[in-house]
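Heads up: the structure comes next, in structure tokens.
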Amino acid sequence: MKSFFYTLMAIFFLGLVPPDSYAFESKPYSYEIGGSIQIGEPLPKNISTLSKIKYISDGEKAVLVNNSNKELLIIDFCCGGTGEIQRILVKHNTALNKYTNPTNFKTFSTGNEIKLGVENKKILSQLGEPNEVEYSDGRTIFHYIIDDSHHPFLKKYNMPAYFEKYTFKDNVLESFEFGFAYP
């Protein structure tokens, strides 16, 4: 028994326990759409359908629609339309307007294939238990939060916190949002 105790003490004191950043290797879970629209980066110029993008809110937002007009992707920019993407919201389309930008995307899905219509079981199996679960108006909302100032992703972009929010109705994903919390 003493040898076990001494082994544990040696592991602890010699720093053989993985550093805190080890736990962050798989987070954030969602940070991009379609492999090209990424949190913390400017809107890519190589997306041909977005060459003449229409912005709203003085250039701080852009609304894109998928090729079937059923899904909306709402992008919040950090410092106007030429700034970095700060937040992304994907939801079902309820109405198009003159500021909606068409795209060739079939669906707005993340790099790990999270998209509208998936069941909450898939989110739980991919992302694990959320930091917080909220129940509101017949909906279940999963919140995943990164707020450790030593997290490599937060340090890279000099941001205080990162969140992911998944809203389900009848266990089916009806919207999701992710990005940096406003500083």
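Residue numbers for the sequence shown follow our numbering, beginning at 350 and rising by one. Yeah, the Cβ is synthetic: ideal placement off N, Cα and C, and Gly gets one too.
> Does the beta carbon of G528 come closer than 7 angstroms to any beta carbon on chain B?
Replying inline: Going by chain labels, chain B is absent from the structure shown, which holds only one protein chain.
>> On a Cα-Cα basis, can you pick out the residue from I495, K419, E381 and G389 that is closest to K505?
In response: G389
>> For E378, tell me which candidate among Y515, D519 and K455 has the shortest Cα-Cα distance.
In response: In the sequence as presented, Glu is not what sits at residue 378; that position holds Tyr. The shortest C-alpha separation from Y378 is found at Y515.
> Whose CA, out of L421, I495, D486 and Y484, lies closest to the CA of L476?
Replying inline: I495
>> Going residue by residue through the region 482-526, where are the continuous alpha helix (DSSP H) segments of at least 4 residues, counting only ones entirely within it?
In response: 501-506
>> Please state whether the Cβ-Cβ distance between V439 and F454 is less than 7 angstroms.
In response: no
> Could you give the distance in angstroms between the alpha-carbon of L392 and the alpha-carbon of E433?
Replying inline: 7 angstroms
> Any idea what DSSP makes of K471, helix, strand or coil?
Replying inline: helix
>> Between P479, C427 and Y404, which has its C-alpha nearest Q387's C-alpha?
In response: C427
> Where does S397 land, buried or exposed, given buried means 16+ other C-beta within 10 angstroms?
Replying inline: A caution first: S397 carries a pLDDT of 48, below 50, which makes its placement in the model too unreliable to give a value.
> What residue does the beta strand (DSSP E) around F457 start on, and which one ends it?
Replying inline: From DSSP, F457 is part of no beta strand (DSSP E); its letter is neither H nor E.
> Straight-line CA distance for K470 to S485?
Replying inline: 19 angstroms
>> Out of K394, V414, G487 and I424, which one is the CA nearest neighbour of T443?
In response: V414
>> On the criterion of 16 or more Cβ atoms from any shown chain inside 10 Å, does P479 qualify as buried, or is it exposed?
In response: buried
>> Is the beta carbon of E483 closer than 7 angstroms to that of I490?
In response: yes
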